[in-house]
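Novice: Quick one: the structure is below, questions incoming.
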Amino acid sequence: MWDYTEKVKEHFFHPRNVGEVENPDGVGEVGSLACGDALKLTFRLDGQGRIADVKFKTFGCGSAIASSSALTELIKGKTIEEAEKITNQDIADYLGGLPEQKMHCSVMGREALEAAIEYYHSGGKVTKPHSLEGKVVCTCFGVTESEIRRVVRENNLKTVEAVTNYCKAGGGCGGCKPDIEAIIEEIQGQSLLDLPPDKRRSAVAEKKPLTNIQKIQLIQQTLDQEIRPALQADGGDIELIDVEGNRVLVAFRGMCAKCAVSEFTMAEVVQKKLRQFVTEDIVVEEAVS
Amino acid sequence: MKTIYLDNNATTAVDPAVLDAMMPFLTTDYGNASSMHAFGGRLRHNIDQAREQVAALLHCCPEEIVFTSGGTEGDITAINSALLAQPEKHHIITSRVEHPAVRTTCRMMQKRGNRLTELPVDELGRLNLHQLEAALTDDTALVTIMWANNETGVVFPIQDIAELCRAKGVQFHSDSVQAVGKLPVNLRKTPIDLLSMSGHKLHAPKGIGALYIRKGTPLAPLMTGGHQEFGKRAGTENIAGIVALGKACELAQKDLSGENERIRRLRDRLERTLLRDCPDARLNGDPDNRLPNTANISFEFIEGEAILLLMDEKGICASSGSACTSGSLEPSHVLRAMGVPFTAVHGSIRFSLSRFTADEEIDTVCRELPPIIKRLRQLSPFSPKDRAPGAPVERPEQIRL
């Protein structure tokens with residue numbers, strides 16, 4: 030038996046908002062009988078553009094039903110713009126977490142929401158989210174490359190097993206595992222620092238917005254590889270204290286802590302490097318100890 | 018809430034008489050049967066007696082029984098030995114619906130350079146013996162085919178398979194974990210060379226089993242070391258388990274046909290009622306050749322784990338062939354080999370009874386299950402709306418892997 034949280038069980042045994050909304054503004058249908066789970070989400074907006082009524086029908090296991098129920102509770106009363114921001118992690122968090130192997134249930138919820146919103150934007154012409162289009166990597170479960178990329182980025186996934194848990198890709202015959210590995214490698218493994226300097230800027234420019242975790246990791250990596258060696262050579266060091274949005278708090282250690290030119294180092298070296306490798310908007314400040 | 022346990026193909030309750038029989042060997046009589054002193058050495062007698070009890074159930078000689086840790090060990094020993102003891106042969110024949118203990122081991126042997134034939138089954142889960150015959154070659158080291166399927170209860174024509182293998186001079190192993198205790202087994206009449214059985218499927222505890230090795234069959238032991246079990250399985254004897262298995266075999270033999278007839282009637286009533294009261298339900302497996310205790314029913318358009326969770330709330334235990342319960346993302350390899358459509362595989366539930374299953378427990382399940390099915394159908398986007406049971410179904414497009 031799976032280790033479900035009380036909240037998951039509660040939403041499974043007493044699901045909220047079951048059914049189909051009449052005359053819906055948004056309809057999202059994802060999954061299939063073959064894959065073992067499927068979700069149909071329907072919603073209707075009120076005069077203020079808020080989701081007034083939302084219902085679901087789900088074929089699937091306990092956590093698929095609970096995730097669907099949670100999704101409807103999460104988006105009720107929200108505007109489309111607000112609903113669009115909901116991630117699969119939000120659904121899992123709402124339920125107090127899901128077993129790793131069941132994270133794909135939360136991803137199915139997010140996909141259905143996206144499909145329903147695209148249906149709404151296109152006036153019913155588009156019924157499939159963009160993320161589900163394109164080249165199919167996992168033929169057993171019909172998972173596209175763009176969907177795999179998305180779950181890897183949004184959930185900071187590092188292994189094929191994790192990708193399988195989140196979107197099922199690789200969970201059938203396993204023939205696509207090398208392809209998934211390559212995608213993970215490309216997104217996670219390849220550091221910007223491995224690229225020649227002239228390619229880095231464009232790579233940063235092309236990159237989608239970083240998640241907080243990715244940003245912090247990239248900042249740490251840049252400090253470790255680009256900045257600390259030089260400081261350490263002079264008997265000093267720098268430590269990452271915190272990241273708040275684009276504000277990066279650092280503390281100088283060792284010789285640097287007493288160095289008169291540390292202000293200059295901060296602006297000219299640290300901030301410059303971080304702006305180059307992470308994002309243009311970075312402001313570096315010295316943490317008040 | 019009382020537990021209604023209909024998952025006896027997974028494991029069974031230890032019979033109180035079995036527990037009584039084994040208890041002294043966990044408490045006062047803790048000696049080692051290989052010791053020279055009487056305190057230990059006299060326990061040899063208890064092992065011999067258990068061996069006779071197992072042999073009596075299988076109708077073979079006691080010296081043909083080797084105690085193991087369970088079904089999996091028996092399976093691996095047989096497959097491994099067939100290749101090691103006949104180094105000139107490199108081919109194994111099995112079926113597509115074997116238990117993972119056999120299936121995975123055979124595939125591992127294939128990876129090590131042996132040839133593997135996995136025989137298909139038809140939509141009722143039946144083998145075609147002509148295909149088996151055609152697959153047999155001079156290079157074939159072993160045919161390993163289960164007696165009865167753990168998921169569907171389908172019984173294979175073991176007598177015919179054994180005779181075919183005997184005629185061709187090929188070793189035949191049968192994983193009979195689900196058959197022993199539920200079907201009459203007579204190894205004097207059925208020319209099986211190796212047969213694995215497990216204690217916990219017939220009311221003995223987990224961790225004890227036996228491998229039957231027909232006299233004259235060469236055996237390369239899996240477990241090497243001491244001289245125990247005629248040098249065929251090293252390791253200090255699990256005396257408590259061995260005594261328990263002996264007692265369990267004795268109990269199983271007592272009224273094998275009478276008890277199984279009672280279980281069959283209960284199973285048939287459960288099956289009839291559920292198929293009648295739940296629309297879009299179908300039976301999986303050959304209705305004419307099945308274990309008396311097993312019913313595998315698919316409730317279409319809903320998913321097995323969700324059914325099990327709602328059943329669990331009512332204290333009813335069963336299993337499912339759905340992906341979410343298999344520990345992987347793929348549903349039952351047995352039902353897929355039978356070509357059961359995906360609409361049905363994910364919603365398959367296995368009910369397996371035992372001699373401890375009571376009439377009123379079946380009444381309860383017959384009463385509690387239809388509302389559960391109905392409730393999940395109302396949640397499902399695929400459910401045909403408000404149809405009378407038995408009315409024609411418009412199925413969504415069926416997709417096969």
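If you're matching them up, the sequences are chains A and C in order. As numbered in our numbering, residues 30 to 318 make up the first sequence, in order. As numbered in our numbering, residues 18 to 418 make up the second sequence, in order. C-beta: ideal position from N, C-alpha, C; glycine also. Remember, predicted model here, so these are calculated numbers, not experimental data.
Counting pairs of beta carbons, one from the segment 47 to 60 of chain A and one from the segment 139 to 147 of chain A, are three or more of them closer than 8 Å?
Specialist: Counting Cβ pairs under 8 Å, three or more are found: they touch.
Novice: Can you pull the DSSP bridge partners for residue 211(C)?
Specialist: In the second sequence, counting from the first residue as 1, residue 211(C) sits at position 194. Paired residue(s): 190(C) and 230(C).
Novice: What alpha helix (DSSP H) runs, 4 residues minimum, are completely inside the segment 97 to 136 of chain C?
Specialist: List check, alpha helix (DSSP H) in window: 117 to 128.
Novice: If you measure beta-carbon to beta-carbon, which residues of the segment 140 to 154 of chain C are closer than 8 Å to chain A?
Specialist: The segment 140 to 154 of chain C vs chain A, Cβ under 8 Å: nothing.
Novice: I need the DSSP call for residue 94(C), collapsed to helix, strand or coil.
Specialist: As a first step, residue 94(C) must be located in the second sequence, where it is residue number 77. Residue state, collapsed to three classes: helix.
Novice: When the Cα of residue 196(C) is compared with those of 277(C), 137(C) and 256(C), which residue comes out closest?
Specialist: Here residue 196(C) refers to the residue found at position 179 when the second sequence is read from its first residue. If we check each option's Cα against that of residue 196(C), 277(C) comes out closest.
Novice: State whether the segment 89 to 109 of chain A contacts the segment 120 to 134 of chain A, with contact taken as three or more CB pairs (one from each stretch) at a distance under 8 Å.
Specialist: Cβ pair count under 8 Å is three or more, so yes.
Novice: What do you get for residue 72(C), buried or exposed, if any count of 16 or more other CB atoms within 10 angstroms of its CB means buried?
Specialist: Counted from its first residue, the second sequence places residue 72(C) at position 55. The residue is buried, with at least 16 neighbouring Cβ atoms inside 10 Å.
Novice: Residues of chain C with CB under 7 Å from residue 114(A), in chain order?
Specialist: Counting from one through the first sequence, the residue named residue 114(A) turns up at place 85. Those do not exist, as residue 114(A) stays about 26 Å from chain C at its closest Cβ, beyond 7 Å.
Novice: Going by DSSP, name the residue or residues bridged to residue 308(C).
Specialist: As a working note, residue 308(C) is residue 291 in the second sequence. Looking at the DSSP assignment, residue 308(C) forms no beta bridge with any residue, so it has no partner.
Novice: So residue 341(C) packs on residue 20(C), CB below 8 Å; how close in whole Å?
Specialist: Here residue 341(C) is taken as the residue at index 324 of the second sequence, counted from 1. Here residue 20(C) is taken as the residue at index 3 of the second sequence, counted from 1. That pair is no contact at about 22 Å.
Novice: Could one say the Cβ of residue 165(A) lies closer than 8 Å to chain C's Cβ atoms, at least one of them?
Specialist: Indexing the first sequence from 1 puts residue 165(A) at position 136. Chain C contact via Cβ: absent.
Novice: Taking residue 192(A) as part of the alpha helix (DSSP H), name the residues at either end of that continuous run.
Specialist: As a first step, residue 192(A) is located in the first sequence; it is residue number 163 there, counting from the start. 189 to 196 is the extent of the alpha helix (DSSP H) around residue 192(A).
Novice: Under 8 Å, Cβ to Cβ, is there at least one residue of chain A near residue 368(C)?
Specialist: Counting from one through the second sequence, the residue named residue 368(C) turns up at place 351. No, no contact with chain A.
Novice: Would residue 181(A) count as contacting chain C if we go by Cβ distances under 8 Å?
Specialist: Sequence index remark: in the first sequence, residue 181(A) carries index 152 (1-based). No - not a single Cβ of chain C is within 8 Å of the one on residue 181(A).
Novice: Mind pulling the chain A residues with CB within less than 7 Å of residue 322(C)?
Specialist: Along the second sequence, one-based indexing puts residue 322(C) at 305. In chain order: 90 and 91.
Novice: Just list the beta strand (DSSP E) runs in the segment 72 to 143 of chain A, keeping only unbroken ones of 3 residues or longer that don't cross its boundaries, in chain order.
Specialist: Complete beta strand (DSSP E) runs here, min 3: 80 to 88.
Novice: Residues of chain A with a CB under 7 Å from the CB of residue 360(C): which are they?
Specialist: Indexing the second sequence from 1 puts residue 360(C) at position 343. In chain order: 62.
Novice: Would you decide whether residue 407(C) is buried or exposed? Buried here means 16 or more other CB atoms lie within 10 Å of its CB.
Specialist: Within the second sequence, the letter at position 390 stands for residue 407(C). Residue placement at residue 407(C) is poorly supported in this model, since its pLDDT is 48, which falls under 50; the coordinates still yield a value, given next. Exposed.
Novice: Check the Cβ of residue 419(C) against every Cβ in chain A and list those closer than 7 Å, keeping chain order.
Specialist: Any answer about residue 419(C) is impossible in this case: the structure gives chain C only from 18 up to 418.
Novice: So, helix, strand or coil for residue 19(C), using DSSP?
Specialist: Walking along the second sequence from the start, residue 19(C) turns up at place 2. Looking at residue 19(C) - three-state DSSP - the assignment turns out to be coil, as it is neither helix nor strand.
Novice: Among 368(C), 163(C) and 233(C), which one has its Cα closest to the Cα of residue 288(C)?
Specialist: For the purposes of this step, residue 288(C) is taken as residue 271 along the second sequence, with counting starting at 1. Cα-wise, what sits closest to residue 288(C) is 368(C).
Novice: Given a limit of 9 Å on CB to CB distance, which residues of the segment 36 to 48 of chain A reach chain C?
Specialist: If the cut-off is 9 Å between Cβ atoms, the segment 36 to 48 of chain A has 38, 41, 42, 44, 47 and 48 near chain C.
Novice: Is any beta-carbon of chain A found at less than 8 Å from that of residue 399(C)?
Specialist: Locating residue 399(C) in the second sequence gives position 382, where the first residue counts as 1. Yes, residue 399(C) counts as interfacial toward chain A.
Novice: How far does the alpha helix (DSSP H) with residue 304(A) in it extend, from its first residue to its last?
Specialist: Position 275 of the first sequence, counted from the first residue, corresponds to residue 304(A). It spans 301 to 306 - the alpha helix (DSSP H) in which residue 304(A) sits, taken as one unbroken run.
Novice: Mind checking if residue 108(C) is an interface residue toward chain A, Cβ cutoff 8 Å exclusive?
Specialist: Taking the first residue of the second sequence as 1, we reach residue 108(C) at position 91. Not an interface residue.
Novice: Does the Cβ of residue 202(A) have 16 or more other Cβ atoms within 10 Å, making it buried, or fewer, making it exposed?
Specialist: In the first sequence, residue 202(A) corresponds to position 173, counting from 1. When all chains shown are included, residue 202(A) counts as exposed.
Novice: Residues in its own chain within less than 6 Å of residue 383(C) by CB, not counting five upstream and five downstream?
Specialist: On the second sequence, position 366 is the one that residue 383(C) refers to. If we look at residue 383(C) and ignore the five residues flanking it on each side, its Cβ neighbours are 290.
Novice: Report the CB separation of residue 254(C) from residue 38(C) in whole angstroms; it is logged as a contact under 8 Å.
Specialist: By one-based count along the second sequence, residue 254(C) stands at place 237. By one-based count along the second sequence, residue 38(C) stands at place 21. So it is not a contact: roughly 15 Å between Cβ atoms.
Novice: Please list, in chain order, the chain C residues whose beta carbon lies closer than 7 Å to that of residue 173(A).
Specialist: One-based indexing of the first sequence puts residue 173(A) at position 144. Within 7 Å Cβ-Cβ: nothing; residue 173(A) doesn't reach chain C, min ~17 Å.
Novice: With DSSP run on the structure shown, which of helix, strand or coil describes residue 143(C)?
Specialist: Residue mapping note: residue 143(C) aligns to position 126 of the second sequence, counting from 1. If DSSP states are grouped into helix, strand and coil, residue 143(C) belongs with coil.
Novice: Buried or exposed: residue 188(A), going by 16 or more other Cβ atoms within 10 Å of its Cβ?
Specialist: For the purposes of this step, residue 188(A) is taken as residue 159 along the first sequence, with counting starting at 1. Label assigned to residue 188(A): exposed.
Novice: Taking residue 330(C) as the query, report the chain A residues whose CB atoms sit under 8 Å from its CB, ordered along the chain.
Specialist: Numbered from 1 along the second sequence, position 313 holds the residue referred to as residue 330(C). The contacting residues are 42.
Novice: Between the segment 31 to 46 of chain C and chain D, which residues of the former have CB atoms less than 7 Å from a CB of the latter, in chain order?
Specialist: No chain D is present in this structure, whose protein chains are A and C.
Novice: In terms of DSSP beta bridges, what is residue 333(C) paired with?
Specialist: Reading the second sequence from its first residue, position 316 is the one you call residue 333(C). Answer by DSSP bridge pairing, in chain order: 21(C).
Novice: Going by DSSP, what residue range makes up the alpha helix (DSSP H) through residue 153(A)?
Specialist: Here residue 153(A) is taken as the residue at index 124 of the first sequence, counted from 1. Taken as a continuous stretch (DSSP letters only), residue 153(A) belongs to no alpha helix (DSSP H), as it is neither H nor E.
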